[in-house]
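Take 10 as the starting number for the sequence shown in the numbering used here and just add one per residue. This report refers to the structure that appears directly beneath it.
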Amino acid sequence: AKTSGKHTYRFFDPKFYDALRNRLQREADLRHAIEHDQFVIHYQPRIDVKTGRTSSMEALVRWAHPTEGILQPGSFIDLAEETGLVVQLGQLVLDKVCAQIAHWTRTGDVMVPVSVNVSSRQFNEADISRIFREALARHGVDARLVEVELTEATMMNGDQDINSALHDMHKQGLTLLVDDFGTGYSSLAKLQQLDFDVLKVDRAFTRELGRSDQGNVFFQAIITMAHALGMRVVAEGVEEERQLDILRALGCDEVQGYLLSQPLAPTSSQNGLFRELHR
Ligand code: C2E
Ligand code: CA
Ligand code: CA
Ligand code: CA
């Protein structure tokens with residue numbers, strides 16, 4: 010028994026075993042959380058640079074963990090993606106967002122569209138356009154109040170199926186956004202062919218503004234290109250006043266970031282979410 014024990018240990022490195030057990034535990038937790046709906050949505054406004062008003066809000070998921078508190082997506086979204094649980098999670102998020110929009114409509118709050126992040130697995134493994142159509146119908150929500158964010162990577166790895174899903178969603182009246190723009194290698198042809206409405210430039214490029222001439226030139230080029238293709242441009246991760254000034258001078262349409270507002274719980278709608286930018 011002793012020798013076989015030793016033998017066993019060579020194959021089952023305890024550290025590897027711990028990591029595996031941890032991961033399986035985490036996956037089980039996440040599955041349980043989805044089944045018991047332990048998620049909440051926070052909303053971060055996108056501000057129109059010209060009018061200073063909230064033009065839209067991004068829905069960002071948080072896990073209200075029973076013992077660990079509110080967890081940011083950075084701690085679970087990769088696992089959800091790898092395990093495929095992101096498909097069910099995405100469904101849950103969309104349902105919550107539609108219910109919230111319906112609530113805001115009933116209570117007569119100022120209405121702006123809400124954008125929802127959709128991962129590549131949702132495009133590949135589910136009939137995503139049908140899922141949106143059914144969620145909108147179930148909650149009686151107008152398609153013009155919902156926007157869809159997909160990353161440049163998702164878009165570029167997509168096959169014909171993604172293209173037709175996107176066309177279908179556009180026909181429903183949903184607004185389409187390219188997220189994290191600048192981090193992938195999308196072609197102009199693809200952007201135009203898929204008829205995107207909005208380009209969201211990745212935070213990494215916002216960070217470069219005012220630090221180097223190149224940073225500003227890059228942004229200017231994106232804005233010029235996007236406008237030529239009939240798209241609006243959003244800068245994400247705006248944290249400094251100086252960045253906002255430069256973006257305004259460059260003709261950027263909308264800004265999002267901690268300078269304007271953190272993502273907020275929907276109950277903050279009276280005191281921040283629909284706030285105007287007073288400058
Ligand atoms: P993302 O789509 O690029 O979302 C923007 C992230 O930047 C959010 O992080 C937001 O809180 C953060 N952020 C906003 N303003 C600033 C700023 O001024 N500075 C900095 N440093 N960060 C800022 P969050 O909420 O932790 O989400 C992280 C990522 O998780 C998102 O990146 C998105 O890829 C993913 N995610 C969030 N919610 C969902 C969801 O419902 N479904 C899916 N599939 N992914 C989601
Ligand atoms: Ca996003
Ligand atoms: Ca982004
Ligand atoms: Ca990002």
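Quick reminder that beta carbons are idealized off the backbone N, C-alpha and C, glycines included.
Where residue i falls: helix, strand or coil (DSSP)
i: S138; result: helix
i: T189; result: Before going on, a small fix: residue 189 reads as Asp here, not Thr. Three-state DSSP puts D189 in a strand.
i: T160; result: strand
i: H45; result: coil
i: V243; result: strand
i: H287; result: Note that H287 scores 38 on pLDDT, short of 50, meaning its location in the model is unreliable; the coordinates nonetheless yield the value given after this. Three-state DSSP puts H287 in coil, outside helix and strand.
i: S123; result: Correcting the residue identity first, residue 123 is Val in this sequence and not Ser. Strand.
i: V264; result: strand
i: A73; result: strand
i: A28; result: helix
i: E90; result: helix
i: G149; result: coil
i: G61; result: coil
i: G99; result: helix
i: S173; result: helix
i: F85; result: coil
i: D38; result: helix
Other residues of its chain near residue i: CB distance less than 6 Å, five sequence neighbours each side excluded
i: T301; result: What the structure shows of the chain is the stretch from 10 to 288, and residue 301 is not part of that stretch, so it cannot be assessed.
Residue from the options with nearest C-alpha to residue i
i: D151; options: T160, K180, A174 and N126; result: K180
i: V243; options: N166, K209 and L154; result: K209
i: Q169; options: E248, I255, N133 and Q201; result: N133
i: A198; options: T184, D177, M164 and D189; result: M164
i: F228; options: L256, H74, E250 and G78; result: L256
i: N225; options: A258, I43, D204 and Q202; result: A258
i: E67; options: L268, Q97, S173 and V157; result: V157
Residue i at chain D interface by Cβ criterion, 8 Å
i: L69; result: Chain labels in this structure do not include chain D; a single protein chain is all it has.
Residue(s) in a DSSP beta bridge with residue i
i: Q53; result: E67
i: L273; result: Y52
i: I79; result: A73
i: V155; result: V123
Same chain, Cβ closer than 7 Å to residue i, five either side skipped, listed in chain order
i: L145; result: C107, A152 and V155
Cutoff 8 Å; reference residue i; Cβ partners in own chain excluding five residues on either side
i: K11; result: Low confidence applies to K11: its pLDDT is 46, below 50, so where it sits in the model is not reliable enough to give any reading.
Check your understanding: Quick one: complete beta strand (DSSP E) runs, 3+ long, within the stretch 182–237?
Key -> For secondary structure counted as the beta strand (DSSP E) over 3 or more consecutive residues, the stretch 182–237 holds these complete runs in sequence order: 184–190 and 207–210.
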